[in-house]
Amino acid sequence: MERRTRVRFAPSPTGPLHMGGVRTALYNYLYAKQKGGDFILRIEDTDSHRFVPGAEEYIIEALRWCGIYPDEGVDAAGKIVQIPDERHPHAPYRQSERKDIYRQYAEELVAKGAAYYAFDSAQDLDSARAQAEMHGQTFIYNRATRPGMRNSLSLDEDSVKDLLENTTDWTIRFKMPENTVVKMDDMIRGHIEVNTDTLDDKVLWKRADCLPTYHLANIVDDHLMEISEVIRGEEWLPSLPLHYLLYQAFGWEDTMPRFAHLSLLLKPVGNGKLSKRDGDKLGFPVFPLEWTNPETGEKSRGYREDGYFPEAFVNMLAMLGWNPGDDRELFSLDELVQAFSMEKVQKAGAKFNPEKAKWFNKEYLRKKTDEELTDLFIPILEEKGIDTSRDYVLKVVTLIKERATFVADFWDIASYLFVVPQEYNEKDVAKFWKPENYTLALQAAGFIKGYNGPWEKEALESALEEFIRGNEWPMGKVMNCLRLALVGASSGLGIADIVTLIGKDEFARRIDNIVKTLSV
RNA sequence: GCUGGGUUCGUAUAACGGUUAGUACUCAAGAUUCUCAAUCUUGCAAUAGGAGUUCGAUUCUCCUACCCAGUACCA
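Under our numbering, the final residue of the first sequence carries the number 521; numbering is consecutive throughout.
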């Protein structure tokens, strides 16, 4: 019988979601939608010490910006749901609000002999670890060391009972089976085997705060929420054996999800996984949206605020560790849903390349209509105090859009189409603004002022060129002198483009201006 | 250290065991243009190393090297 596809993205609200996390969410979403299944957003906030205010809201907003909407979860229907209803059959979706359900599962494992109570203090454990380290070893809490620790397997029944009732800093630990090979399958990596003797008795539940650890909460919730595939980061691969064993201990093997462990996103240069620091150092965002640390007030830039289109960001992220099997690179979210396949997900970590990210944005900028881009550019102009007609902006956008990566580039590229050049590039002045050139250029300017033909680019251009060529003047030098007057540098649009855009009066003003400024 | 995972141009990646090892980004050169972009063309550049299996390994096996992750009462 076919099981309904149900996947979850289960972040911990300990800070802003970074781009690696967004990619994990994206792959989950693509997988679910392709199979016609559900994408669930669950918040794993079982660590009360690391909770960061605003992080959960940030995660939801970031996913929304990317066009990823959960079918079920804390954000479904735009509100927090605590009582199960038709659309939220497994509510609540925040683990801190489900804390009451975990203890019974932990106790069930103890009753089955698959777990036990442990009374070791933090100091006990620290010293055991320090002891092992002195011998060049790593302390593993398992069958080898278990008898020497304070737990319900080493202590007598009465003291266990007494400690259970009269102390509150005990835990429930999983009893790792002896010398057993756990055989696992990963959708990306294939078959994996691990011997249990290398694993330790993980804490599942803590009496001190009556909260489960990740491992217990994760397995219980995935089971209860009928998750069919767990798609998560590679950092979880080492605990996969534990999770397999937990499903077995509970007797849930039949409905155990399949697992896919995604490789990590690596920093652009050097080794290691992508971190916030790399972004600051190399000048690119690692977060989808801007984030302000509530404690320090420190701001981290975001792709949205940097001017990336969400479609470009999502597309770029999808291609980091996955490919469609052919040469296509540009995909909308819907097209990604169609094309995605777990078989094509890369095993190795992918180094993030900020240059390629920009390339994606440039491609998406070109896909936008001139009207859309005009709408985006006008607010920027208003901020600069530019008051001009929408029609004029539209004309400018049409001419310059291919030169830009971001909408914000428009101003840098085309400010001279809105304001008189404030200064003239020294190098270009030295190169072109020589008497033998500018005397000719001023005559050419005179020709333009007296031009009576149709006021459009092609006509003016051919008339002007005919005039200059007819006089056998050096075209490049004359044109660049004019450009200096119009742009302030020897770069930018064609002379006829600029002149027809800004008009004859403005043209004359700029010629006067350069003559005055460079004191001809 | 131990355990697990990984390794194709600088980067992202393609290649039923048989290709001159392809594509994109970056970079360089040329074409074009009144300049700068854009565009087009061309170029640079890779199977980590070593054994083995095979008529034939990028592809399968083993060893080595290197990289990554985990090694918490964090997720």
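No residue lacks a Cβ here, since even glycine has one placed at the ideal position from N, Cα and C. Source: prediction; values computed, not measured.
Measure the beta-carbon distance from T389 to R233 and round it to whole angstroms, keeping in mind my assumption that it falls under 8 Å. Contact between T389 and R233 fails: their C-beta atoms lie close to 51 Å from each other, not under 8 Å.
In the segment 26-59, which residue ranges form an unbroken alpha helix (DSSP H) of at least 4 residues, counting only runs that do not cross its ends? Runs found: none.
Does the separation of the CB atoms of V111 and I61 fall below 8 Å? The beta carbons of V111 and I61 sit no closer together than 8 Å.
For K523, tell me which candidate among H244, S160 and G137 has the shortest Cα-Cα distance. It is not possible to answer for residue 523, since the shown part of the chain is limited to 2 through 521.
Going by alpha carbons, who is nearest to Y142 out of M177, S160, L165 and V161? Selected option, being the one with the closest Cα: M177.
Given 8 Å, three or more beta-carbon pairs between the segment 83-98 and the segment 56-75: Segments in contact, yes.
Do the segment 47-60 and the segment 4-19 touch if we need at least three Cβ pairs shorter than 8 Å? Touching, yes.
Option nearest V420 by Cα separation, candidates A405, I387, I381 and K435: Among A405, I387, I381 and K435, the Cα nearest to that of V420 belongs to I387.
Between which two residues does the alpha helix (DSSP H) containing E462 stretch? For E462, the enclosing alpha helix (DSSP H) covers residues K458 to G471.
Classify G79 as buried or exposed, calling it buried when 16 or more other Cβ atoms lie within 10 Å of its own Cβ. For G79, the predicted structure reports a pLDDT of 46, less than 50, and the residue's modelled location is therefore unreliable. A value from the coordinates is still provided. Around the beta-carbon of G79, fewer than 16 other beta-carbon atoms lie within 10 Å, marking it exposed.
For R484 and L441, I'd like the C-alpha separation in whole angstroms. CA-CA distance, R484 to L441, rounds to 13 Å.
For W391 and T375, which I take to be in contact (beta-carbon distance under 8 Å), what is that distance rounded to the nearest angstrom? The sequence shown places Arg at residue 391, not Trp. With 8 Å as the limit, R391 and T375 qualify as a contact, their Cβ atoms being about 7 Å apart.
Between the segment 88-107 and the segment 128-146, are three or more C-beta pairs nearer than 8 Å? Judged by Cβ distances under 8 Å, the segment 88-107 makes no contact with the segment 128-146, as fewer than three pairs qualify.
Can you list, in chain order, the residues of its chain with a C-beta nearer than 6 Å to that of D279? Leave out the 5 residues immediately preceding and following it. Cβ-Cβ distances below 6 Å link D279 to K268 in the same chain, with the five nearest sequence neighbours on each side left out; the list follows chain order.
Could you tell me the alpha carbon to alpha carbon distance between G298 and F285, rounded to whole angstroms? Roughly 19 Å between the two C-alpha positions.
For V182, which beta-bridge partners are listed by DSSP? Looking at the DSSP output, V182 shares a beta bridge with N196.
Quick one: what's got a C-beta closer than 8 Å to E254's C-beta in the same chain, skipping five residues either side? If we look at E254 and ignore the five residues flanking it on each side, its Cβ neighbours are Y248.
G79, DSSP secondary structure in three states: Note that G79 has pLDDT 46, beneath the 50 cutoff, so the model's placement of it is unreliable and the number below is only indicative. Correct three-state label for G79: helix.
For the beta strand (DSSP E) holding A119, just list the boundary residues, first then last. Where A119 is concerned, the enclosing beta strand (DSSP E) stretches over A116 to A119.
Take K432 as the anchor and find which of L461, L156 and N481 has the nearest alpha-carbon. Nearest Cα to K432 within the set L461, L156 and N481: N481.
Taking the Cβ atom as the reference point for each residue, do L205 and T199 lie within a distance shorter than 8 Å? Their beta carbons are not under 8 Å apart, which means L205 does not touch T199 by this criterion.
A351 by DSSP, collapsed to three states: which one? Look at A351 here: in three-state DSSP terms it is strand.
Taking 7 Å as the line, does the beta carbon of F140 fall inside it for any heavy atom of the ligand FMN? Although the ligand FMN was asked about, the structure shown includes no ligands whatsoever.
I need the straight-line Cα distance from G149 to K113, nearest angstrom please. Going from the Cα of G149 to the Cα of K113 covers about 22 Å.
Could you check what DSSP says for W1 in three-state terms: helix, strand or coil? As displayed, the chain neither begins before 2 nor continues past 521, which places residue 1 out of reach and without an answer.
Per-residue burial, L519 [other beta carbons within 10 Å of its own, 16 or more giving buried]: Result: exposed.
Spatial neighbours of N362 within its chain, please: CB distance less than 7 Å, with the 5 preceding and 5 following residues excluded, ordered by chain position. Correct list, in chain order: Y309, F310, A313, T406 and F407.
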